[in-house]
């Protein structure tokens with residue numbers, strides 16, 4: 524089946540790709556069966572890259588028009604469906620307020636701060652559904668299918684060293700880390716224990 528991403532309203536032909544969700548972990552941990560990556564403070568987004576580009580938020584709103592710089596996905600990641608986070612980086616940290624300005628469409632075009640799409644998973648490639656593959660194999664597909672660009676970056680997780688990585692992330696003022704089992708399949712729309720979010724406790 525050929526990939527046929529949406530470019531606006533639903534035509535009832537193709538199902539929407541819903542993001543897989545994470546549960547909260549009680550504390551940082553390490554483990555050789557897990558990958559750990561930064562938990563970015565941005566907007567979760569599924570990008571469907573076909574003849575046109577569709578980017579949909581977690582609540583299934585089309586937002587590609589808000590971020591014209593992400594049109595570079597058409598040449599960097601053709602024929603894919605990707606999962607990632609849209610962020611505005613300011614001093615090596617995400618700036619949620621600047622991102623909200625972009626989402627709300629306020630401010631002059633010249634004053635817009637560019638966004639970065641941090642890609643961490645791939646759901647389809649050239650019409651093939653990859654969601655049943657373990658995360659370790661999806662990572663291989665992701666690295667083979669997507670090139671980085673001016674506004675597209677591929678997340679590079681670390682293996683095993685979750686507690687160390689968490690401490691480093693928190694020390695830099697980041698939101699925390701995500702832990703994902705290497706053997707986990709992608710479960711659209713489900714809050715799975717195979718993905719865990721680890722954040723500092725609110726004081």
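Numbering (this note's numbering), first residue to last: 524 to 726. Backbone N, C-alpha and C define an ideal beta-carbon position, used for all residues, glycine too.
Could you tell me which residues DSSP pairs with residue 545 in its beta bridges? In the chain shown, counting from the first residue as 1, residue 545 sits at position 22. Note: residue 545 sits in a beta bridge opposite 715.
Range of the contiguous beta strand (DSSP E) that encloses residue 568: Looking up residue 568 in the chain shown gives position 45. Its beta strand (DSSP E) spans residues 566 to 572.
Per-residue burial, residue 583 [other beta carbons within 10 Å of its own, 16 or more giving buried]: By one-based count along the chain shown, residue 583 stands at place 60. Exposed.
Should residue 664 go down as buried or exposed, given a rule of 16 or more other Cβ atoms within 10 Å for buried? Indexing the chain shown from 1 puts residue 664 at position 141. Buried is the call here.
Interface flag, residue 558 vs chain B, CB-CB below 7 Å: Of the protein chains in the structure, only one exists, and it is not chain B.
Can you look up residue 681 in the DSSP assignment and give me helix, strand or coil? Taking the first residue of the chain shown as 1, we reach residue 681 at position 158. Here residue 681 sits in strand by DSSP.
Straight-line gap, residue 606 to residue 690 (C-alpha atoms, nearest Å): Within the chain shown, numbered from 1, the residue matching residue 606 stands at position 83. Within the chain shown, numbered from 1, the residue matching residue 690 stands at position 167. Whole-angstrom Cα-Cα distance: 25 Å.
If distances are taken between C-alpha atoms only, which option among 708, 706, 710 and 687 comes closest to residue 699? If you number the chain shown from 1, residue 699 lands on position 176. For the residues 708, 706, 710 and 687, the minimum Cα distance to residue 699 belongs to 687.
Since residue 640 sits in a beta bridge, which residues does DSSP pair it with? For the purposes of this step, residue 640 is taken as the residue at position 117 of the chain shown. Answer is 609 and 675, bridged to residue 640.
Beta-carbon contacts of residue 713 that lie in its chain and below 8 Å, excluding the five residues immediately before and after: Working through the chain shown from its first residue, we reach residue 713 at position 190. Around residue 713: 543 and 544.
From the DSSP output, in three-state form, read off residue 659 for me. If you number the chain shown from 1, residue 659 lands on position 136. The answer is helix: DSSP assigns residue 659 an H, G or I state.
Paired residues, beta bridge with residue 617 - DSSP: Your numbering for residue 617 matches position 94 in the chain shown. Paired residue(s): 612.
Evaluate residue 587 with the Cβ neighbour count: other Cβ atoms within 10 Å of its Cβ, from every protein chain shown; 16 or more gives buried, anything less gives exposed. The sequence position of residue 587 within the chain shown is 64, counting from 1. The residue is buried, with at least 16 neighbouring Cβ atoms inside 10 Å.
I think residue 547 touches residue 703, with their Cβ atoms under 8 Å apart; what is that distance to the nearest whole Å? For this step, residue 547 is matched to residue 24 along the chain shown. For this step, residue 703 is matched to residue 180 along the chain shown. About 14 Å; that fails the 8 Å criterion.
Member of 627, 696, 685 and 541 whose CA lies at the smallest distance from the CA of residue 555: Walking along the chain shown from the start, residue 555 turns up at place 32. The residue with the shortest Cα to Cα distance from residue 555 is 685.
Can you tell me whether residue 600 is helix, strand or coil according to DSSP? Along the chain shown, read from residue 1 onward, the residue named residue 600 stands at position 77. It is coil, neither helix nor strand.
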